[in-house]
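Next up, the structure:
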């Protein structure tokens, strides 16, 4: 069952719609939690979103994936200067509502359907609340709005499928970071080269990780040609060359494990316990070979509650903490 | 146990040593098989190679991986104009032998140790044979040659470990192809973009494959966010935009399956039977979750001899045939 959302864009509607996403900080500028930013993480693939800006709903979107951590989009320019550097990036396939719908025009009908807490617009005047970003709405609000115009539901359901996968989206975000690194006049060429190789787990970064982690923590595989050097704190988020090349910020993983870990479907505690996201499909995990392994390792007939790998070293804790808090899909 | 080899470089010694590889055509210019080119495929990770050019052995190498299919290196320029476009690429870590060793100087001792068939040099005069490329030699020949000079065996054993993995090497080769595509004045920009996205299984190529292959043939996974669109005939080898974008030239695979298939450790017959390379480690395969799956699917206590997926469609046969002949490590 999809959930329904309403986003009040600030000055970045054009960038977010054009780029097929929503982006928000994770907390208010003062560090306090925000219901509306937290909603970014609550959104799930298939959820539907109304895009509201300048008193009009011009687009309807479908979340293509869960939100993940990404730095503020460069195309925001000065607009987002007060926002934190890191935020939630939610890939959304947007399709136009024609003509745009003006909620004020039917607020008498719409108002009573709006939630009493965290409503995105005033239930009587129909004016948008500046303080709201992503707000949950009942399905009836969504259906009433789209009934006022033409929406191509076929396009909404199937559009953007393969350009908005996690893999495709992170690849594009990584490309942006790579171009920025290439243009950085402060960095020596050899460092630049190492950082760029590190993006794909190669070169100096891999050598640094191999010195610390000898085998894949999830499969036990030691054959280097089957292992990838994966960043714990993602490459695109790291704030310095040191973080991008630090062997303590890496794990040697098989390709499946690398995907699950990057995607935030699994994480690890400092004592080596494996965390599995409640959002990952158990059948998929079994097919990828992970539950069998767990069963086999522990000799249980049922999947065990705890699946533990070797204890980590203290210099790895900070990166693991980041992964659990910002990458893991809890 | 490593095998021992001797390569007679032609005019491409500099390129092959500098680039850390050996490259040969797969057959003679007339299409006939060649013992020396076939040896490229017989070489295994860890094998040791003497590099002979201009009557001197200047380098000793260690094969970093099995050979795989790659187009003729661009840096050969005109030298290789009579060779086929496709050949065997063997990643080799080269380290110098100081001073260089001249086999003629001790041919009286060396000659009797040389093989009677396919010897790389004349056993009496010590002159190199033009017709030879990669020749097998007994360990005694190798040891005698290296005893004449200083060899850093530590460097030989451990050098190049992470820059010569299959992943790192193919990434560099793909980069060269990508730059060539970007510079191609004959291609429209939209086509270029699709071809470049296809390298990582994205964009139009992925959509084309998804229309034909719905799930991973090895795991049964259908969740698109866990699947990669993988080329059957590798992207870097394809000779046209059509081949690079053809949905018939693709499979939807999980990341582990993608690596095993790309690496040539598994292949597929037209009727869907899965072929497993005798060179892949069974324990690794089990840890990656593949043998368990086979057992489970067939309900056998032992791994079954035949593991079959759905039958392929005729337009896929040509690509599969290519994969079995040129990619599969048989």
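Residue numbers (the numbering used here), protein chains in the order written: chain R, 1 to 330; chain W, 1001 to 1330.
Every residue gets a Cβ at the ideal spot worked out from N, C-alpha and C, and that includes glycine.
Per-residue burial, residue i [other beta carbons within 10 Å of its own, 16 or more giving buried]
i: residue 294/R; result: Because the pLDDT at residue 294/R is just 48, under 50, the model does not fix this residue reliably, and the value given afterwards should be weighed accordingly. By the 10 Å Cβ count, residue 294/R comes out buried.
i: residue 1135/W; result: buried
i: residue 1233/W; result: buried
i: residue 1082/W; result: exposed
i: residue 1289/W; result: buried
i: residue 1330/W; result: exposed
i: residue 51/R; result: buried
i: residue 1116/W; result: exposed
i: residue 203/R; result: buried
i: residue 1147/W; result: exposed
i: residue 25/R; result: buried
i: residue 125/R; result: exposed
i: residue 103/R; result: buried
i: residue 1109/W; result: exposed
i: residue 1323/W; result: buried
i: residue 121/R; result: buried
i: residue 1078/W; result: exposed
i: residue 257/R; result: buried
i: residue 1198/W; result: buried
i: residue 1226/W; result: buried
i: residue 185/R; result: exposed
i: residue 31/R; result: exposed
i: residue 1299/W; result: For residue 1299/W, the predicted structure reports a pLDDT of 48, less than 50, and the residue's modelled location is therefore unreliable. A value from the coordinates is still provided. Burial call: exposed.
7 Å Cβ cutoff met for residue i and residue j
i: residue 189/R; j: residue 236/R; result: no
i: residue 1259/W; j: residue 1266/W; result: no
i: residue 1317/W; j: residue 1270/W; result: yes
i: residue 245/R; j: residue 230/R; result: no
i: residue 255/R; j: residue 1224/W; result: no
i: residue 1063/W; j: residue 1038/W; result: no
i: residue 153/R; j: residue 100/R; result: no
i: residue 1094/W; j: residue 1195/W; result: no
i: residue 1253/W; j: residue 1228/W; result: yes
i: residue 1248/W; j: residue 1315/W; result: yes
i: residue 1139/W; j: residue 1004/W; result: yes
i: residue 1282/W; j: residue 220/R; result: no
i: residue 1091/W; j: residue 1169/W; result: yes
i: residue 1332/W; j: residue 1013/W; result: The structure shown has nothing for residue 1332/W, since chain W only spans 1001 to 1330.
i: residue 272/R; j: residue 327/R; result: no
i: residue 274/R; j: residue 307/R; result: yes
i: residue 33/R; j: residue 65/R; result: no
Candidates the options: closest to residue i by CA position
i: residue 1067/W; options: 1286/W, 1022/W, 1111/W and 1014/W; result: 1022/W
i: residue 311/R; options: 212/R, 277/R and 262/R; result: 212/R
i: residue 61/R; options: 191/R, 142/R, 284/R and 209/R; result: 142/R
i: residue 242/R; options: 192/R, 283/R and 284/R; result: 192/R
i: residue 105/R; options: 307/R, 156/R, 56/R and 16/R; result: 56/R
i: residue 201/R; options: 1187/W, 1031/W and 1167/W; result: 1167/W
i: residue 216/R; options: 309/R, 171/R and 186/R; result: 309/R
i: residue 1239/W; options: 1112/W, 1119/W and 1070/W; result: 1070/W
i: residue 1345/W; options: 1034/W, 1072/W, 1144/W and 1049/W; result: In the structure displayed, chain W extends from 1001 to 1330; residue 1345/W sits before or after that span and is not available.
i: residue 1080/W; options: 1065/W, 1113/W and 1028/W; result: 1028/W
i: residue 1097/W; options: 1214/W, 1327/W, 1155/W and 1262/W; result: 1155/W
i: residue 2/R; options: 40/R, 49/R, 30/R and 41/R; result: 49/R
i: residue 1040/W; options: 1088/W, 1019/W, 1159/W and 1180/W; result: 1088/W
i: residue 1268/W; options: 1128/W, 1075/W, 1325/W and 1074/W; result: 1325/W
i: residue 1020/W; options: 1107/W, 1159/W, 1128/W and 1321/W; result: 1159/W
i: residue 1145/W; options: 1321/W, 1284/W and 1114/W; result: 1114/W
i: residue 1074/W; options: 1284/W, 1157/W, 1178/W and 1262/W; result: 1178/W
Segment contact, 8 Å Cβ cut-off, at least three pairs: the segment 1118-1134 of chain W with the segment 1004-1014 of chain W: yes
Ordered list of alpha helix (DSSP H) runs contained in the segment 67-127 of chain R, each at least 4 residues: 107-110
The segment 1158-1169 of chain W touching the segment 194-209 of chain R, judged by at least three CB pairs closer than 8 Å: yes
Runs of alpha helix (DSSP H) lying entirely within the segment 1139-1170 of chain W, each at least 4 residues, in chain order: 1139-1147 and 1153-1158
Uninterrupted alpha helix (DSSP H) stretches inside the segment 31-67 of chain R (no shorter than 4 residues): 35-42
Complete beta strand (DSSP E) runs within the segment 209-270 of chain R (minimum length 3 residues, chain order): 228-231, 250-253 and 266-268
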